[in-house]
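Asker: Chains Z and B, in that order, are what the protein sequence lines are. Just so you know, the first sequence maps onto residues 4 to 360 in this note's numbering. Just so you know, the second sequence maps onto residues 18 to 367 in this note's numbering. From the three backbone atoms N, C-alpha and C, an ideal C-beta is built for every residue, glycine too.
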Amino acid sequence: MDRNASISIRHLYKIFGPQPQKALEHVRAGMGKTELMARHRHVLGLRDINVEMKAGEITVIMGLSGSGKSTLIRHVNRLIEPTAGEIMIDGENILAFGETRLRDLRRRHMSMVFQHFALLPHKTVLDNAGMARAVRGDDRSTYERDARAWLERVGLGGQEDQYPHQLSGGMQQRVGIARALTSNAPIMLMDEAFSALDPLIRTDMQDLLLELQQELQKTIVFISHDLDEALKLADHLVILKDGIVVQQGEPQEILLNPNDPYIVDFISDINRARVLRVRSVMDAATDPPAQTAGKVDADATLESVIALSAGDTTLSYEVHRAGAQVGYLNMQKLVRALVPTQASQNGMRNSTRRDPD
Amino acid sequence: MASYDFLFEGLGLGEWCDRDASPGPMSMADLLARGAGGQAEKTWTQSLWDLPFPSLDALNQACPAIARSRDLTRGLEQSFLNVRDPLRVVLDPITQPLSWALENALHVFTATPWWIMLPLLLLLVWVASRSWALMGFVGGALAFLLFVDHYTFAMQTMSIIFVCAFLCVLFGVPIGIAMSRSDTMQRLTIPVLDMLQTLPTFVYLIPLIFLFSVTEPKLYGIAIILYAIVPVIRLTDLGIRLVDKDVIEAAEAFGMTRHQKLVRVQIPLALPNIMAGVNQTIMMSLAMVVIASLVSAPGLGVLVLRGIRNLELGVGLMAGLGIVLLAIILDRVTKAALARVNAAASVPRH
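#1: Which residues of the segment 282-303 of chain B have a Cβ closer than 9 Å to any Cβ of chain Z? Give them in chain order.
#2: Return the residue from the list B:Ala118, B:Ala122, B:Ala268 that minimises the CA-CA distance to B:Met175.
#3: Based on Cα-Cα distance, which residue from B:Ile242, B:Ile257, B:His124, B:Val100 lies nearest to B:Phe188?
#4: Would you say Z:Pro189 lies against chain B (beta-carbon separation less than 8 Å)?
#5: Count the other C-beta atoms from every protein chain shown that fall within 10 angstroms of the C-beta of Z:Met261, then say buried if there are 16 or more, exposed otherwise.
#6: Counting C-beta neighbours from all protein chains within 10 Å, is the total for Z:Arg50 16 or more, i.e. buried, or is it exposed?
#7: Tell me, please, whether the CB atom of B:Thr253 is closer than 8 Å to any CB atom in chain Z?
#8: Under 8 Å Cβ-Cβ, which residues of chain B neighbour Z:Leu82?
#9: May I ask which residues mark the beginning and end of the beta strand (DSSP E) holding Z:Gly48?
#10: Contact defined as beta carbons within less than 8 Å: I believe Z:Gln209 pairs with Z:Leu243. What is the distance between those atoms, to the nearest angstrom?
#11: With DSSP collapsed to three states, give me the class of B:Arg8.
#12: Which ranges does the beta strand (DSSP E) cover as unbroken runs of at least 3 residues, wholly within the segment 191-278 of chain Z, from first to last along the chain?
#13: Please tell me whether Z:Met193 has its Cβ less than 8 Å away from any Cβ of chain B.
#14: Would you call the segment 159-167 of chain Z and the segment 26-43 of chain Z touching, i.e. three or more CB-CB distances under 8 Å?
#15: What would DSSP say about B:Gly27, mapped onto helix, strand or coil?
#16: Relative to the C-alpha of B:Gly318, which candidate in B:Gly333, B:Leu328, B:Glu329, B:Gln283 has its C-alpha closest?
#17: Closer than 7 Å, Cβ to Cβ, to anything on chain B: give me those residues from the segment 115-133 of chain Z, in chain order.
#18: Please name the residue in Z:Ile247, Z:Val267, Z:Gly246 whose C-alpha comes closest to that of Z:Glu256.
#19: Report the residue from B:Gly52, B:Pro103, B:Phe164, B:Asp74 whose alpha carbon sits nearest the alpha carbon of B:Thr90.
#20: Tell me whether B:Val307 sits in a helix, a strand or coil according to DSSP, three-state version.
#21: Could you check whether the Cβ of B:Asp263 sits closer than 8 Å to any Cβ belonging to chain Z?
#22: Applying the criterion that 16 or more other CB atoms from any shown protein chain within 10 Å of the CB defines a buried residue, is B:His124 buried or exposed?
#23: Among B:Trp33, B:Tyr237, B:Ser310, B:Phe179, which residue has its Cα nearest to the Cα of B:Met300?
#24: On a CA-only basis, which of B:Phe219, B:Pro285, B:Met212 is nearest B:Val190? Give me that one, please.
#25: Going along the chain, which unbroken runs of the alpha helix (DSSP H) with 4 or more residues stay wholly within the segment 31-111 of chain Z?
#26: Bridge partners of B:Asp211, per DSSP?
#27: Let's see if you can read the secondary structure: which residues bound the beta strand (DSSP E) around Z:Asp164?
#28: Establish whether the CB of Z:Ala325 and some CB of chain B are separated by less than 8 Å.
#29: Indicate whether at least one CB of chain Z lies closer than 8 Å to the CB of B:Thr274.
#30: Compute the Euclidean distance between the alpha carbons of B:Leu104 and B:Thr112, then round it to the nearest angstrom.
#31: Any beta carbon from chain A within less than 8 Å of Z:Ala135's own beta carbon?
#32: To the nearest angstrom, report how far apart Z:Gly179 and B:Val312 are at their CA atoms.
#33: Kindly indicate which residue of Z:Ala313, Z:Gly133, Z:Glu232, Z:Arg13 has the alpha-carbon position closest to the one of Z:Asn96.
#34: Is Z:Ser11 helix, strand or coil when you go by DSSP?
#35: From the beta carbon of Z:Arg110, is the nearest beta carbon of chain B less than 8 Å away?
#36: Would you say Z:Arg177 faces chain B, with C-beta separation under 8 Å as the test?
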């Protein structure tokens, strides 16, 4: 496996209970989660999951609690064994791995960041950061410099000799991230890594992650129940509900074309102007308007364009990316994109209520 | 005539009963009845009110072929005596090192002059607790025991506790670890631990007296170890099972082997509980070593026993005070060590 590892999950099923294989037949025959529970006392964790996670991208798996997202991420390093399906990492099915290869995979190709940090309380910050390398059997002298460098990078310089309990939650999670980075593994699994932090610190950590990702280009699988966080981080967004993928794709795409009432419901409360980008609502470069008011970047948020136009909806802008002109942005179209149109047109928002879970 | 005659006659077993009849040992009550001369047998007025529970004795009256309760206890004793010799062949060599350890410890503790022993013990207290106050208290208490000439007895007691508690930890911690790793092992071990903990302390001594000679130190050594090993096993098991699941998951996610997980995560995080178990084990060794003076364990317990036997109130009370002092010393020192472990390892994190 090289620096960039892609993960692909195919037809993955997970059923919890004493006889999962038997229950699997019922599920394959089309039995739903509630019926399976009521009739056969088995819990349907995941149902026919197919996700391609590209190398060097952040794939965010989003869903409410009980949707199976934590179960899914634990399949990637086989902390949980699937009932059926395939998990390919760079074309190799890791379910076929024996104990030694699996351990090697976990030691060298993956790292994980946990919701509740899961640091070793009896070790110093430095030892925690170097844990993955120590487990591998590396000599302390070889990893200590790396560990110090990453701690410095995540903003914990000078705290190496403290113990985790002496740090705040946000700082502990920085140690968790430094631990994952020091392991130098191409894949990083982040299980609700920022959910236990308060909002301001959470934003900081998201920015830190994006910044690190720009230079490291790791394959990151990020679990979240927070849509704003998911939209901010995701290159590829997977929305799970009751163990089923309801929709997946580019976040902008999902936002503009939700294909399920559940998602419509989900996205109705977010600030679209801040999330949507110019490239998602522009017209491709065919038909130039009479006059343009200036240039905007394709990746600028709509919010920044509204600020630029001072609210004038009669304007149009040239859209540029990397110096080249790629399209035109009509302000009226921009304003229309801010309204969750599909929802308002067919009344989905009013006809469906959020699920109890 | 007896209450249950009807039963055996009804079943047609009368002949079988009489054929196998054996006189067996006579009870005191029978003897008295016979000695009184009169035909004690009254005519049986078979009312339901007088019907005894069909116990062994009651059934025996009706059918002599059935054993009596005292035959049962005698049989128990006999079978124990029968297995004693083969058991000894196995147990004697295995437990012999315990005798040596105890003899040597007793010798070292009592033969070393007090002016070497005292600083050594104080040094040990310092290493374990890092507390001047505690060291001062221990120094004072030991000086008092020296002053009232109970020092040798106290050292004998102390040496037995050192050896037995050490062996308890040596065997108890691995057993606890095995229990924490396997639910089957836990299910099998817990009834044994429950039995060891609830068995009255004197009862431990009975089979041991049969197995070993009273002059051998291992006799009381085994009794103490069996009694005191329970808490360290239980708390090791509990401590490892209570280790934060998140941390264990992290250890697995980073590819730790079972052994790495045990040494780097589980034991360090369970250490406060294990230390609490060691503290309990030491305190229970002290309790047992006093009772073990019944089977020739030397130490302060001997003086207590003398106080009881000869009604020498002062001797008993003084030895009791010595035991209390030893108990406080052992408890405070192990608790101080525990507190240091706690401060280093398990602090609330979330």
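Answerer: Quick answer:
#1: Val282, Pro285, Leu286, Leu288
#2: Locating residue 175 of chain B in the second sequence gives position 158, counting from the first residue. The shortest C-alpha separation from B:Met175 is found at B:Ala122.
#3: Reading the second sequence from its first residue, position 171 is the one you call residue 188 of chain B. Comparing Cα-Cα distances from B:Phe188 to each of B:Ile242, B:Ile257, B:His124, B:Val100, the minimum goes to B:Ile242.
#4: Here residue 189 of chain Z is taken as the residue at index 186 of the first sequence, counted from 1. It does not: the Cβ of Z:Pro189 has no partner Cβ on chain B nearer than 8 Å.
#5: Stepping through the first sequence from its first residue, residue 261 of chain Z is reached at position 258. Here the sequence assigns Pro to residue 261 of chain Z, which means Met is not the residue at that position. When all chains shown are included, Z:Pro261 counts as buried.
#6: Against the first sequence, residue 50 of chain Z aligns to sequence position 47. It counts as buried.
#7: Taking the first residue of the second sequence as 1, we reach residue 253 of chain B at position 236. So no, B:Thr253 is outside the interface.
#8: On the first sequence, position 79 is the one that residue 82 of chain Z refers to. Per Cβ cutoff of 8 Å: Glu266, Glu269, Ala270.
#9: The sequence position of residue 48 of chain Z within the first sequence is 45, counting from 1. Per DSSP, Z:Gly48 belongs to the beta strand (DSSP E) from 46-56.
#10: The residue given as residue 209 of chain Z occupies position 206 in the first sequence. The residue given as residue 243 of chain Z occupies position 240 in the first sequence. That pair is no contact at about 20 Å.
#11: As displayed, chain B neither begins before 18 nor continues past 367, which places residue 8 of chain B out of reach and without an answer.
#12: 222-227, 239-244, 247-252
#13: Here residue 193 of chain Z corresponds to residue number 190 of the first sequence, with the count starting at 1. Not an interface residue.
#14: no
#15: Here residue 27 of chain B corresponds to residue number 10 of the second sequence, with the count starting at 1. Helix.
#16: One-based indexing of the second sequence puts residue 318 of chain B at position 301. Comparing Cα-Cα distances from B:Gly318 to each of B:Gly333, B:Leu328, B:Glu329, B:Gln283, the minimum goes to B:Gly333.
#17: Met115, Phe117, His119, Ala121, Leu123, Pro124, His125
#18: To locate residue 256 of chain Z, count along the first sequence from 1; it is residue 253. Nearest C-alpha to Z:Glu256: Z:Val267.
#19: Here residue 90 of chain B refers to the residue found at position 73 of the second sequence. Nearest option by C-alpha distance: B:Asp74.
#20: The residue labelled residue 307 of chain B in the question sits at position 290 within the second sequence. Helix, per DSSP.
#21: On the second sequence, position 246 is the one that residue 263 of chain B refers to. Judged by the 8 Å Cβ criterion, B:Asp263 is in contact with chain Z.
#22: Along the second sequence, one-based indexing puts residue 124 of chain B at 107. So B:His124 counts as exposed.
#23: For the purposes of this step, residue 300 of chain B is taken as residue 283 along the second sequence, with counting starting at 1. The option with the nearest alpha carbon to B:Met300 is B:Phe179.
#24: Sequence index remark: in the second sequence, residue 190 of chain B carries index 173 (1-based). Nearest of B:Phe219, B:Pro285, B:Met212 to B:Val190, Cα basis: B:Pro285.
#25: 36-43, 72-79, 102-107
#26: Start at 1 with the first residue of the second sequence, and residue 211 of chain B comes out as number 194. Paired residue(s): none; B:Asp211 is not in a bridge.
#27: Sequence index remark: in the first sequence, residue 164 of chain Z carries index 161 (1-based). Unbroken run through Z:Asp164: none, as it is neither H nor E.
#28: For the purposes of this step, residue 325 of chain Z is taken as the residue at position 322 of the first sequence. It does not: the Cβ of Z:Ala325 has no partner Cβ on chain B nearer than 8 Å.
#29: Here residue 274 of chain B is taken as the residue at index 257 of the second sequence, counted from 1. It does; some Cβ of chain Z falls within 8 Å.
#30: The sequence position of residue 104 of chain B within the second sequence is 87, counting from 1. The sequence position of residue 112 of chain B within the second sequence is 95, counting from 1. If I take the Cα positions, the gap works out to 12 Å.
#31: No chain A is part of this structure, whose protein chains are labelled Z and B.
#32: Here residue 179 of chain Z corresponds to residue number 176 of the first sequence, with the count starting at 1. Here residue 312 of chain B corresponds to residue number 295 of the second sequence, with the count starting at 1. Distance between the alpha carbons of Z:Gly179 and B:Val312 is about 58 Å.
#33: Position 93 of the first sequence, counted from the start, is the residue given in the question as residue 96 of chain Z. Cα-wise, what sits closest to Z:Asn96 is Z:Arg13.
#34: Along the first sequence, one-based indexing puts residue 11 of chain Z at 8. Correct three-state label for Z:Ser11: strand.
#35: Taking the first sequence and counting its residues from 1, the one referred to as residue 110 of chain Z is at position 107. Answer yes: the Cβ-Cβ gap between Z:Arg110 and chain B drops below 8 Å somewhere.
#36: On the first sequence, residue 177 of chain Z is found 174 positions in, with the first residue counted as 1. By this cut-off, Z:Arg177 is not an interface position.
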